[in-house]
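Working notes, beginning with the structure itself.
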Amino acid sequence: MGVGVTEMVLSKSKEFLSSMASSSDERYVWPWTGIVANIFGKPKHEAVECDSMYWLRKFEQYKPEEAYVLHCAEDPTGYVVLEFGTDWTGFTQMMKLDTDLLVDRHGKKDYYESRKMGYSSGLFGWCAQAEDYNSEGLVGNFLRQKAELKTTSMSLNEKTETLDHLYGEIGSVNKKISEMESKYIEDYMSLDKMMKEIEKKRDLLHQTRAEDDHVNCAPVLKSMIDTMNDELDRWCQQLIEQEKSTIQQRRKFEEEKKSQMESLILATEKQMKARSDVLSLLEKHQMEKKVVSDALLKLEKEMGNEQKLNLQIAELEEQLKVLKCVNSEEADHENKRKIEIEEIEEKLEDMIFDMSVKDDENQALKKKVQEAKTELEDARQQIIKPSGTERDRKERPKEVKFYFSHFQGNQSAPERSSYGESVGNGVGIACMKEETKRIKGKEKKIQMIKMEKEKIEGENTTTEKTREREERVMDKIRTIMSIKRN
1 MGVGVTEMVL SKSKEFLSSM ASSSDERYVW PWTGIVANIF GKPKHEAVEC
51 DSMYWLRKFE QYKPEEAYVL HCAEDPTGYV VLEFGTDWTG FTQMMKLDTD
101 LLVDRHGKKD YYESRKMGYS SGLFGWCAQA EDYNSEGLVG NFLRQKAELK
151 TTSMSLNEKT ETLDHLYGEI GSVNKKISEM ESKYIEDYMS LDKMMKEIEK
201 KRDLLHQTRA EDDHVNCAPV LKSMIDTMND ELDRWCQQLI EQEKSTIQQR
251 RKFEEEKKSQ MESLILATEK QMKARSDVLS LLEKHQMEKK VVSDALLKLE
301 KEMGNEQKLN LQIAELEEQL KVLKCVNSEE ADHENKRKIE IEEIEEKLED
351 MIFDMSVKDD ENQALKKKVQ EAKTELEDAR QQIIKPSGTE RDRKERPKEV
401 KFYFSHFQGN QSAPERSSYG ESVGNGVGIA CMKEETKRIK GKEKKIQMIK
451 MEKEKIEGEN TTTEKTRERE ERVMDKIRTI MSIKRN
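For the sequence shown, full-length UniProt numbering begins at 1 and goes up steadily by one.
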């Protein structure tokens with residue numbers, strides 16, 4: 001397919017070149033060249049205008065390949081020679097430059113007419129032909145050194161000859177390719193046939209080898225299967241024994257847990273009972289303390305009344321002495337004094353009687369205060385005395401510690417299998433979580449009991465202070481009683 005396309009392209013190119021050759025016989029400078037004149041036509045020109053790259057960029061739309069700047073003293077306006085290559089694309093670009101400048105009235109004819117008139121402005125350009133090639137001057141000498149003259153038919157003939165040569169080479173190459181393709185097909189078919197035969201022989205060899213291996217390996221495989229069956233039976237027996245052992249250990253563990261829980265519940269009940277006893281003792285202590293305080297206040301009040309009564313008795317005795325010492329000369333007032341003395345004596349007797357009654361009451365109050373002090377001391381000793389709950393609190397951590405160590409010892413048995421170990425661990429972990437939760441609840445209750453005990457000890461401190469205050473009051477009462485006796 002690629003060969004046919006190449007032949008078609010070559011035939012089309014040959015037809016195109018033949019048509020071009022018959023269209024024109026004018027001679028052009030080859031490689032295709034364009035001439036741009038009057039590049040220094042301005043009064044002052046820039047130095048960059050002497051650079052060929054400047055003119056390549058200026059005429060880049062026509063795609064020139066090279067640019068040569070020409071100038072001399074005889075022709076100061078200067079020229080630029082542009083080369084467009086040797087192919088038909090360069091010829092087309094050269095003709096486009098010539099046509100564009102001709103349309104703008106800056107062609108070759110316009111340039112020479114402006115020179116005759118003595119004035120020329122702007123750039124002029126045209127395609128280089130035989131006239132320019134054979135002219136005298138700077139441009140003609142340069143063209144004769146760098147290029148030659150050719151007609152389009154000559155160039156086309158060369159291209160045609162080249163195409164004919166290429167066409168012949170392509171034909172010979174295509175012939176060789178066809179021969180190689182036919183040889184490749186033959187070799188491929190032969191190789192494919194050979195590979196199929198090799199594949200058949202390989203399959204037959206594999207089948208024969210598999211049959212031989214099967215016959216030779218049958219006893220070995222049977223022995224391996226028997227060994228594996230024996231091993232599986234042994235593992236199953238071990239698993240059954242481990243399961244039985246695990247069930248027994250779990251029952252033992254549950255019994256121990258039950259006993260531990262019973263002892264823990266019993267210790268908790270003892271703690272609760274001790275707490276209720278402490279609270280009842282505290283309540284009784286508060287009530288007795290209130291009774292003692294009321295008795296002390298009453299005693300202080302009565303002691304004040306007793307002192308007041310003693311003062312009144314002393315005053316009456318003094319008045320009686322005064323009245324008895326009055327002169328008998330005052331006979332007219334004697335009856336009146338007797339009456340007053342009798343009244344004072346009656347009051348004095350009444351007060352003495354009241355004093356005796358008060359003494360009896362004071363003795364009863366003293367006895368009551370002493371009994372209250374004794375009861376307070378007994379209650380204080382009962383509160384301070386350690387209860388059985390302390391022992392239970394000390395024993396319970398030991399029991400829990402024993403419970404943990406017993407579980408860990410059962411768990412680390414070396415003869416436990418993987419199946420039995422997983423079962424034992426699962427049961428142990430579940431039981432441990434439940435037991436830990438319960439122990440935390442009991443420890444919280446124990447903490448609350450400790451706080452209650454600290455509170456009671458604080459109240460005991462307050463009771464000590466109250467007892468000291470009571471002792472001070474009793475000392476005052478004893479002092480007053482001794483003064484009264486004196």
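The beta carbon of each residue, even a glycine, is placed where N, CA and C say it ideally should be.
query                                                                                                                                                                                    : result
Have a look at the DSSP bridge pairing and note the partners of R27.                                                                                                                     : T151
Closest to L123 by C-alpha separation, out of K146, K175 and V81, would be which residue?                                                                                                : V81
Would you mind reading off the limits of the beta strand (DSSP E) that contains L82?                                                                                                     : Y79 to E83
Go ahead and pull the three-state DSSP assignment for E65.                                                                                                                               : coil
Which one of K301, D98 and K63 has the shortest CA to CA distance from V36?                                                                                                              : D98
Identify, in the order they occur along the chain, each residue of the same chain with its Cβ nearer than 6 Å to the Cβ of V29, setting aside the five sequence neighbours on each side. : A128, Y133, L143 and A147
Is the number of C-beta pairs between the segment 83 to 97 and the segment 56 to 67 that are closer than 8 Å three or more?                                                              : yes
When we look at the beta-carbon of V103 and count the other beta-carbons within 10 Å, is it buried (16 or more) or exposed?                                                              : exposed
Under 8 Å, do Y111 and N174 count as touching if we go by C-beta distance?                                                                                                               : no
Who are the near neighbours of F91 in its chain, counting only those whose CB is closer than 6 Å to its CB and skipping five residues on each side?                                      : W32
Can you give me the start and stop residues for the alpha helix (DSSP H) that A130 sits inside?                                                                                          : A130 to N134
Just checking, does the segment 348 to 367 make contact with the segment 262 to 280 on the three C-beta pairs under 8 Å criterion?                                                       : no
Suppose the cutoff is 6 Å on Cβ atoms and the five residues either side in sequence are ignored; what does the same chain contact list for H71 look like?                                : G78
State the DSSP-derived secondary structure class of F59, mapped to helix, strand or coil.                                                                                                : coil
At the level of alpha carbons, what is the spacing between A210 and L204?                                                                                                                : 10 Å
Can you list, in chain order, the residues of its chain whose CB lies under 7 Å from that of E83, leaving out five sequence neighbours each side?                                        : P31, T33, P64, E65 and E66
In chain order, what residues of the same chain have a beta carbon less than 7 Å from the beta carbon of C236, not counting five sequence neighbours either side?                        : none
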